[in-house]
Amino acid sequence: MSRMAWVVFIVFLAGTMPHSAGAQMLNARRLGMGGVVTSDNGAARSANVAFRAVPKGRGYSSIPLPIGLIQYAGDHPTFDSNDPDFNIFEILDLAANPPLTLSLSKPSTVSSDISVYIARDSLLLDLEDVRRAVPKDPMELGGVYHLMGVGFGIKSFFVAVDPLIHVRNTFDLDPNLRAALRDAQPFTSDTRYGLSDAGVAQAAIAWQAGVAARALYVPAPDGNEGDEDDPSADDPRRNGATALYLGAAPKYLLGLAYGSAGGAGGVTTGDTLFGSSDPVAFDMTALTRHAEIGGDGGTGHGFGADLGGVLYWNRFEFGIGVNDFGSEIEWSTTVRRHVYSDSLNEFSTTTVATDEKFTSRIPATTTINVARRMGPTTVAADLVNGELHRQVHLGAETWVGMLALRGGTYRDTGGRWQWTGGTGLRFGGIGLDLAVATHSRNIEEKRAAELSASLTLY
Amino acid sequence: MRRAIAFFALIPLVLAGCGDRSLILTVDVLSFLDPADVSGPYGPIPGGLPLTTVDLASQEANLLPGIQDVTEVSSAKLDVGVSFDNQTGSADAHFQIFITSADSADVFSGTPIADIPVTLTPSNVTNVATEISSTELAQALVQDKAKIGVRATFDTTPSGVTPVQGTETITLLRATVITKKKL
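In order, the protein sequences belong to chains A and B. For the record, in the first sequence the residue sitting at position 117 is 117 according to the numbering used here, with numbers rising by one throughout. For the record, in the second sequence the residue sitting at position 49 is 507 according to the numbering used here, with numbers rising by one throughout.
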């Protein structure tokens with residue numbers, strides 16, 4: 001596959017994925033609490049580098065149980081396009097919802113007859129059920145994905161190698177095309193039907209060295225620190241101490257590949273849709289920019305940092321973490337313009353620039369969280385602000401002996417409020433957690449429900 | 459430039475990969491005829507002739523390309539409506555519809571898709587409406603071009619010496635082809 005083909009493939013893949021309304025969460029304890037971030041619910045270290053310095057609290061690590069695989073084994077879509085039941089929308093939904101959680105309810109599969117009405121000067125497509133899959137608004141997809149990094153720490157210091165991918169794609173139909181596909185409005189003569197797409201994908205390896213340490217600690221007047229019989233005695237979340245933890249981890253970014261493509265295309269109908277003269281005229285232009293290791297432009301180089309802080313006061317927790325702060329990569333890029341000529345029926349590609357300096361940005365993700373612990377009960381909230389979306393999570397957990405009860409809600413990346421609840425049983429240092437949650441991770445963005453299970457290490 | 463219209467065909471065909479469903483293609487064949495051919499006079503045809511043929515319309519139509527490649531025809535039907543406003547004479551007429559692929563030399567050379575008998579009497583309007591199922595029709599309409607022919611034949615023997623004449627109007631020619639995907 002050619003280099004440009006890889007760029008186009010990555011951008012296309014991002015554009016054709018279902019309009020995911022947030023990622024699947026496999027930590028049942030955290031999901032039961034609305035997906036909220038706190039310093040002691042497993043996934044927190046990736047949200048705030050300062051959490052690394054905070055003593056481990058309750059439930060510091062989670063092991064997902066992929067209970068959805070059993071369901072998938074008994075009922076899964078066919079991948080054989082020759083099979084009469086082959087349904088591309090089922091497969092796209094599967095990509096958005098890997099079968100790791102148990103699906104409790106989901107929208108009916110997009111599947112219907114398609115009607116096409118043709119007259120000499122009229123064309124109408126009634127996609128029926130499939131209309132629901134045509135987006136009514138521009139589709140914005142993407143995010144910054146930190147893959148399986150490795151690292152180790154000594155006391156307050158740590159080093160890590162963290163591969164990351166940033167993908168963003170915006171796809172839009174013009175009003176004419178959207179009306180024709182989504183509302184079954186007839187195609188008309190002398191009308192342009194267009195679409196546009198702008199995508200960027202970049203991959204890098206972050207070489208990171210950082211420090212996360214306690215900057216302030218004032219014991220509570222009535223504290224019992226050092227009491228070996230009280231597991232909360234040294235935990236600033238619960239012992240009433242005032243404590244401030246700060247973390248900073250600058251990173252060198254080795255850019256592996258960068259590709260962007262922005263373009264628009266469409267067709268303009270003639271004065272008669274099915275007349276003897278030219279029925280439609282195509283137009284398409286696109287501008288691409290790319291660089292890659294071992295190819296055009298080579299590797300990119302840049303810097304960034306993860307920053308964070310968390311304050312404990314009177315059993316309150318206030319945290320703020322910024323990942324990929326100021327992260328930029330400088331590339332030496334090749335820029336090409338692609339234009340389709342309707343009269344020649346061919347694309348022409350012009351190299352606009354080679355080795356043109358270009359600085360890409362890894363967008364920062366900011367996580368602000370607040371929590372309050374009151375005996376066996378924790379109430380928490382967070383705000384996660386990323387490149388495309390702003391998410392809010394609210395959740396609570398209370399323990400009755402060995403049994404935990406949880407509830408929460410969150411505003412997903414599509415702006416819809418989802419609801420969660422769960423329970424857990426703790427047996428010494430390990431616990432089993434279950435969570436039921438609604439979500440809209442499907443092609444139609446309709447409400448569905450899932451059951452998640454995981455083990456928690458206490 | 460015919461390739462360009464494939465844009466229209468791609469949309470339903472790509473999306474046709476959604477389960478065991480059908481692509482229902484409805485073609486308003488009448489709209490492809492020249493308006494002057496939709497309604498026009500016939501005759502005067504001398505009485506006593508066993509067979510007089512009048513070609514009412516012959517037209518080539520551009521359709522959706524690519525459908526034949528990705529679908530298999532399940533069924534096809536043609537709804538036909540025609541009106542004969544016969545002024546003088548009597549005849550046993552046949553109203554015939556021919557639809558063939560565009561590469562056929564003469565649209566009228568084959569067997570008609572529809573052959574509708576009509577009895578014409580003086581100063582009488584005869585309306586005919588019928589539905590015909592035809593696999594030949596389906597095969598023609600899933601191609602990117604088709605030829606459409608409309609013919610009327612008259613047996614004026616019943617008219618004696620009175621010539622037959624009047625006005626014919628085609629009111630409906632609508633084909634419906636149901637296809638299954640062949641991906």
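Cβ atoms here follow ideal geometry from the backbone N, Cα and C, with glycine treated the same way. Since this is a predicted model, take the numbers as computed values, not measurements.
Practice problem: Using alpha carbons as the reference points, say which of B:488, B:512, B:499, B:481 lies closest to residue 612 of chain B. | Solution: Position 154 of the second sequence holds residue 612 of chain B. Here the closest residue by C-alpha is B:512.
Quiz item: For the segment 608 to 628 of chain B, which residues have a beta carbon sitting closer than 8 Å to at least one beta carbon of chain A?
Solution: none
Quiz item: Under a CB-based cut-off of 9 Å, is residue 520 of chain B close to chain A?
Solution: Locating residue 520 of chain B in the second sequence gives position 62, where the first residue counts as 1. With 9 Å as the cut-off, residue 520 of chain B counts as an interface residue toward chain A.
Quiz item: Is there a Cβ from chain A that is less than 9 Å from the Cβ of residue 571 of chain B?
Solution: Translated into the one-based positions of the second sequence, residue 571 of chain B becomes position 113. It does not; no Cβ of chain A falls within 9 Å.
Quiz prompt | Interface partners of residue 197 of chain A on chain B, CB under 9 Å | solution = Reading the first sequence from its first residue, position 197 is the one you call residue 197 of chain A. Per Cβ cutoff of 9 Å: no residues; residue 197 of chain A is ~16 Å from chain B at best.
Quiz item: Are the C-beta of residue 375 of chain A and some C-beta of chain B separated by less than 9 Å?
Solution: The residue labelled residue 375 of chain A in the question sits at position 375 within the first sequence. By this cut-off, residue 375 of chain A is not an interface position.
Quiz item: What does a CB cutoff of less than 6 Å around residue 106 of chain A pick up in its chain, not counting 5 residues either side in sequence?
Solution: In the first sequence, counting from the first residue as 1, residue 106 of chain A sits at position 106. Cβ neighbours of residue 106 of chain A beyond the five flanking positions: 448.
Self-check item: Proximity test, residue 126 of chain A beta-carbon vs the ligand SAM heavy atom, cut-off 8 Å
Solution: As for the ligand SAM, it is missing from this structure, which has no ligand bound.
Quiz item: Using a beta-carbon distance below 9 Å, is residue 113 of chain A in contact with chain B?
Solution: Position 113 of the first sequence holds residue 113 of chain A. Chain B contact via Cβ: present.
Practice problem: List the whole-angstrom C-beta distance separating residue 248 of chain A from residue 216 of chain A, where the pair is believed to meet the contact cut-off of C-beta under 8 Å. | Solution: Reading the first sequence from its first residue, position 248 is the one you call residue 248 of chain A. Reading the first sequence from its first residue, position 216 is the one you call residue 216 of chain A. Their Cβ separation, rounded to whole angstroms, is 16 Å, which puts residue 248 of chain A and residue 216 of chain A out of contact at 8 Å.
Quiz item: Straight-line CA distance for residue 336 of chain A to residue 262 of chain A?
Solution: As a first step, residue 336 of chain A is located in the first sequence; it is residue number 336 there, counting from the start. As a first step, residue 262 of chain A is located in the first sequence; it is residue number 262 there, counting from the start. The straight-line gap from Cα to Cα measures roughly 11 Å.
Practice problem: Answer yes or no: does any C-beta atom of chain A fall closer than 9 Å to that of residue 558 of chain B? | Solution: By 1-based counting over the second sequence, the position of residue 558 of chain B is 100. Closer than 9 Å: no.
Self-check item: Option in B:549, B:501, B:555 with minimal Cα separation from residue 515 of chain B
Solution: Within the second sequence, the letter at position 57 stands for residue 515 of chain B. Out of B:549, B:501, B:555, B:555 has the C-alpha closest to the C-alpha of residue 515 of chain B.
Practice problem: May I have a chain-ordered list of the alpha helix (DSSP H) segments no shorter than 4 residues that lie completely inside the segment 486 to 548 of chain B? | Solution: 493 to 496, 525 to 528
Quiz item: Considering residue 68 of chain A, what are the terminal residues of the alpha helix (DSSP H) in which it resides?
Solution: Here residue 68 of chain A refers to the residue found at position 68 of the first sequence. Segment 68 to 74, the alpha helix (DSSP H) holding residue 68 of chain A.
Exercise. List the residues of chain A whose Cβ lies closer than 9 Å to the Cβ of residue 481 of chain B, in chain order.
Key: Start at 1 with the first residue of the second sequence, and residue 481 of chain B comes out as number 23. Chain A residues near residue 481 of chain B: 113, 114, 115, 116.
Quiz item: Which of the three DSSP states, helix, strand or coil, is assigned to residue 9 of chain A?
Solution: For this step, residue 9 of chain A is matched to residue 9 along the first sequence. With a pLDDT of 39 at residue 9 of chain A, under the threshold of 50, the modelled position of this residue cannot be trusted; read the value that follows with caution. Here residue 9 of chain A sits in helix by DSSP.
Exercise. Within 10 angstroms of the Cβ of residue 193 of chain A, are there 16 or more other Cβ atoms? Answer buried if so, exposed if not.
Key: Translated into positions along the first sequence, residue 193 of chain A becomes position 193. Buried, because 16 or more other Cβ atoms sit within 10 Å of the Cβ of residue 193 of chain A.
Practice problem: Using alpha carbons as the reference points, say which of A:361, A:284, A:49, A:69 lies closest to residue 260 of chain A. | Solution: Here residue 260 of chain A refers to the residue found at position 260 of the first sequence. Closest by alpha carbon: A:361.
Quiz prompt | Cβ-based burial, residue 285 of chain A [other Cβ within 10 Å; buried from 16] | solution = Here residue 285 of chain A corresponds to residue number 285 of the first sequence, with the count starting at 1. Exposed: under 16 other Cβ atoms inside 10 Å.
Self-check item: Contact with chain B by residue 121 of chain A, beta-carbon distance below 9 Å
Solution: Here residue 121 of chain A corresponds to residue number 121 of the first sequence, with the count starting at 1. Chain B contact via Cβ: present.
Quiz prompt | Three-state secondary structure assigned by DSSP to residue 601 of chain B | solution = The count along the second sequence starts at 1 and reaches residue 601 of chain B at position 143. It is coil, neither helix nor strand.
Quiz item: What are the partner residues of residue 168 of chain A, as DSSP defines its beta bridges?
Solution: Here residue 168 of chain A corresponds to residue number 168 of the first sequence, with the count starting at 1. In DSSP, residue 168 of chain A forms a bridge with A:142, A:200.
Self-check item: Between the CA atoms of residue 383 of chain A and residue 375 of chain A - distance to the nearest angstrom
Solution: Numbered from its first residue, the first sequence carries residue 375 of chain A at position 375. Numbered from its first residue, the first sequence carries residue 383 of chain A at position 383. Near 24 Å, if we compare the C-alpha coordinates of residue 383 of chain A and residue 375 of chain A.
Quiz item: Does the Cβ of residue 411 of chain A have 16 or more other Cβ atoms within 10 Å, making it buried, or fewer, making it exposed?
Solution: In the first sequence, the residue the question calls residue 411 of chain A occupies position 411. Flag for residue 411 of chain A reads buried.
Quiz item: Roughly how many angstroms separate the alpha carbons of residue 128 of chain A and residue 408 of chain A, rounded to a whole number?
Solution: Locating residue 128 of chain A in the first sequence gives position 128, counting from the first residue. Locating residue 408 of chain A in the first sequence gives position 408, counting from the first residue. Looking at the two C-alpha atoms, the distance is approximately 36 Å.
Quiz item: Among B:540, B:496, B:549, B:544, which residue has its Cα nearest to the Cα of residue 506 of chain B?
Solution: The residue labelled residue 506 of chain B in the question sits at position 48 within the second sequence. Per the Cα distances, B:549.
Quiz item: Going by C-alpha distance, which of A:191, A:359, A:207 is nearest residue 270 of chain A?
Solution: Here the question's residue 270 of chain A lines up with position 270 in the first sequence. Per the Cα distances, A:191.
Quiz item: Just by C-beta distance, which residues in the segment 563 to 588 of chain B are closer than 9 Å to chain A?
Solution: none
Exercise. With DSSP as the reference, please indicate the residues paired to residue 283 of chain A in a beta bridge.
Key: For the purposes of this step, residue 283 of chain A is taken as the residue at position 283 of the first sequence. According to DSSP, which records beta bridges pairwise, residue 283 of chain A is partnered with A:266.
Exercise. Check the C-beta distance from residue 571 of chain B over to residue 592 of chain B and give it rounded, since I have them as a contact under 8 Å.
Key: On the second sequence, position 113 is the one that residue 571 of chain B refers to. On the second sequence, position 134 is the one that residue 592 of chain B refers to. Correct: roughly 5 Å between the Cβ atoms.
Practice problem: Give the DSSP-derived three-state secondary structure of residue 26 of chain A in the structure shown. | Solution: By 1-based counting over the first sequence, the position of residue 26 of chain A is 26. Coil, per DSSP.
Quiz item: Counting pairs of beta carbons, one from the segment 293 to 310 of chain A and one from the segment 324 to 339 of chain A, are three or more of them closer than 8 Å?
Solution: yes
Self-check item: Interface positions of the segment 484 to 504 of chain B facing chain A (Cβ-Cβ less than 7 Å), listed along the chain
Solution: 484, 485, 486, 489, 490
Exercise. Could you check what DSSP says for residue 21 of chain A in three-state terms: helix, strand or coil?
Key: Numbered from its first residue, the first sequence carries residue 21 of chain A at position 21. Summary for residue 21 of chain A: the model assigns pLDDT 47, below 50, so the residue's position carries little reliability; its value from the coordinates is reported in the next sentence. It is coil, neither helix nor strand.
Exercise. Would you kindly check if the distance between the Cβ of residue 99 of chain A and the Cβ of residue 65 of chain A is under 9 Å?
Key: Counting from one through the first sequence, the residue named residue 65 of chain A turns up at place 65. Counting from one through the first sequence, the residue named residue 99 of chain A turns up at place 99. It is not a contact, given that the beta carbons lie outside the stated cut-off.
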